[in-house]
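In this note's numbering, the protein residues as written are 289 to 514.
Working notes, beginning with the structure itself.
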Amino acid sequence: MTLIVALDPPQSVDDALEWSSKLVEEVGTAAAGFKIGLPLLLRAGLPGLKTLADKMPPESLKIADLKLADVGHIMSTTAEAVAAAGYDAVIAHGFVGVEGALDELADTCRSMGLKLIVLVSMSHPAASRIMDPMLDALLEEAVKADAWGVVAPATRPEIVAKARKRLGPSYTILSPGVGAQGAEPGTALCAGADYEIVGRLITRSASPRETAFLLLEKQREAVSRC
Ligand code: BMP
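Written as C-alpha cells, this is what we have:
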C-alpha cells in the first residue's frame, strides 16, 4: 500500500474527532497509514488522538505530524507524549540540525520505538526558493540522525528523486502534495517515494473510501508507466 491519509479536519466541522474517526473507519486498510497534525490535536486534544489511534487498523502507520522544530529536550518530550497516545512515527523539521536537536529526539525515538521522519523539503512554492538550496545539507542531517524516513514534495518530483539518490533504498520517503496541491497520483512514487500523503482529495470527497481506491488504482497505472 502506498497511501497515507492526512486527517486535517476543516474548521467548519463541529466534532473533529468524530469526523476523523469516520474517515479512519471508511478508508480502513485502503491506506497504509494515517497522519494527524496540529489542526486535529488542537481540537481533539491528546486523549482524542489516543481514541483515534485505537480505531486505526493495528498494522497501519500512525504518524504524528507536529513538524517539530525545537531544541532536543522539547522535541523529545513531545515525542514521548504522542508515543504514549499510540502513534508510531513523528515528523521533525530537518533545519534544526542534529547536535542539540535531532540527536536527542532520535535517542528518544529509539527508546520509545518511534520512527523518526525528517522533513527535508516542502510542497508549497516558497520551499523551492528557501529550502531546496539546502537540500543536500538537510539530507545529511537526516542521515546523521539515523532517521527512518524523510518527507519530500510530490509537487517537485525532482526533489524526491534527489533524496532517493542520496539516501538509497533503506530510507522511507513520504510525499505530500498529491490532489488538492496539484500533483498527480503516482508522480512521487515514480520519482522514488514509498508513500504519497493525501488529505483533502480523499477527506473532502463524497465517498472517501471509493476515492482512496481510485487513487490507488491511479498510482498503480502511473507506476506501471514509469
Ligand atoms: P492536502 O492533500 O489536503 O493538501 O494535505 C497535505 C497534507 O500534507 C497536510 O496534512 C499537510 O500538513 C502535509 N504536508 C504538506 O502538504 N506539504 C509538506 O511539504 C509537508 C506536509 O506535511
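By construction, the Cβ of each residue, glycine as well, lies at the ideal position given by its N, Cα and C atoms.
Practice item. Consider the C-beta atom of Q469 and the heavy atoms of the ligand BMP; say whether any pair is separated by less than 6 Å. Key: Counted from its first residue, the sequence shown places residue 469 at position 181. Because some heavy atom of the ligand BMP lies under 6 Å away, the Cβ of Q469 counts as near it: yes.
Point to revise | S272 CB to nearest heavy atom of the ligand BMP below 6 Å | key: Past the edges of the chain, shown from 289 to 514, lies residue 272, and the structure says nothing about it.
Review point. Alpha carbon to alpha carbon, how far is A476 from R452?
Key: In the sequence shown, the residue the question calls residue 476 occupies position 188. In the sequence shown, the residue the question calls residue 452 occupies position 164. Near 11 Å, if we compare the C-alpha coordinates of R452 and A476.
**Study point:** Among A435, V431, A425, A471, the one whose alpha carbon lies nearest that of P441
**Key:** On the sequence shown, residue 441 is found 153 positions in, with the first residue counted as 1. Taking each of A435, V431, A425, A471 in turn and checking the Cα distance to P441, the smallest one comes out for A471.
Practice item. Could you spell out the range, first to last residue, of the beta strand (DSSP E) harbouring P464? Key: For the purposes of this step, residue 464 is taken as residue 176 along the sequence shown, with counting starting at 1. Run containing P464: 460-464, per the beta strand (DSSP E) assignment.
Review point. Is the stretch 327-343 touching the stretch 358-366 in the sense that three or more CB pairs, one from each, lie closer than 8 Å?
Key: Put simply, the stretch 358-366 does not touch the stretch 327-343. Fewer than three CB pairs are less than 8 Å apart.
Exercise for review: Report yes if the C-beta distance between A294 and K338 is below 7 Å; otherwise report no.
Suggested key: The sequence position of residue 294 within the sequence shown is 6, counting from 1. The sequence position of residue 338 within the sequence shown is 50, counting from 1. For A294 and K338, no; Cβs fall outside 7 Å.
Check your understanding: So does M363 have its beta carbon nearer than 6 Å to some heavy atom of the ligand BMP?
Key -> Position 75 of the sequence shown, counting from 1, holds the residue named residue 363. No, the Cβ of M363 stays beyond 6 Å of every heavy atom of the ligand BMP.
Check your understanding: Taking DSSP as the reference, what is the three-state secondary structure of D395?
Key -> The residue given as residue 395 occupies position 107 in the sequence shown. Annotated three-state conformation of D395 is helix, per DSSP.
**Study point:** Contact check, L340 vs A304, beta carbons under 7 Å
**Key:** Walking along the sequence shown from the start, residue 340 turns up at place 52. Walking along the sequence shown from the start, residue 304 turns up at place 16. No, they are not a contact pair.
Review point. Which residue from P297, V315, G316 puts its Cα closest to that of W307?
Key: Here residue 307 is taken as the residue at index 19 of the sequence shown, counted from 1. W307 has its Cα closest to that of P297, out of P297, V315, G316.
Check your understanding: DSSP on V359, reduced to helix/strand/coil?
Key -> Counting from one through the sequence shown, the residue named residue 359 turns up at place 71. Residue state, collapsed to three classes: coil.
**Study point:** the stretch 343-351 / the stretch 407-427 touching (three or more Cβ pairs under 8 Å)
**Key:** They do not touch, by the three-pair rule.
Practice item. Sort V448, E484, V370 by Cα distance to A352 and report the nearest one. Key: Position 64 of the sequence shown holds residue 352. Of V448, E484, V370, the residue nearest in Cα terms is V370.
Review point. Which one of S300, K403, E313 has the shortest CA to CA distance from W516?
Key: Examination of residue 516 is not possible in this model, given that the chain is present from 289 through 514 alone.
Point to revise | Cβ pair L427, R454 closer than 7 Å | key: By one-based count along the sequence shown, residue 427 stands at place 139. By one-based count along the sequence shown, residue 454 stands at place 166. Yes, Cβ-Cβ distance for L427 and R454 is below 7 Å.
Review point. Straight-line CA distance for E484 to V431?
Key: Along the sequence shown, one-based indexing puts residue 484 at 196. Along the sequence shown, one-based indexing puts residue 431 at 143. Approximately 21 Å between the Cα atoms of the pair.
**Study point:** Among D302, R492, K450, nearest to A468 - alpha-carbon criterion
**Key:** Position 180 of the sequence shown, counted from the first residue, corresponds to residue 468. Among D302, R492, K450, the Cα nearest to that of A468 belongs to R492.
Review point. Just reading off the beta strand (DSSP E) that V293 is part of, what are its end residues?
Key: Counting from one through the sequence shown, the residue named residue 293 turns up at place 5. V293 -> beta strand (DSSP E) spans 291-295.
Exercise for review: Just confirm the distance between the C-beta atoms of L354 and T365, as a whole number of angstroms; I'd bet it's less than 8 Å.
Suggested key: As a working note, residue 354 is residue 66 in the sequence shown. As a working note, residue 365 is residue 77 in the sequence shown. The Cβ separation is near 12 Å, so there is no contact.
Check your understanding: Between R417 and the ligand BMP, is the CB less than 6 Å from at least one heavy atom?
Key -> Numbered from 1 along the sequence shown, position 129 holds the residue referred to as residue 417. Not so, every heavy atom of the ligand BMP lies at least 6 Å from the Cβ.
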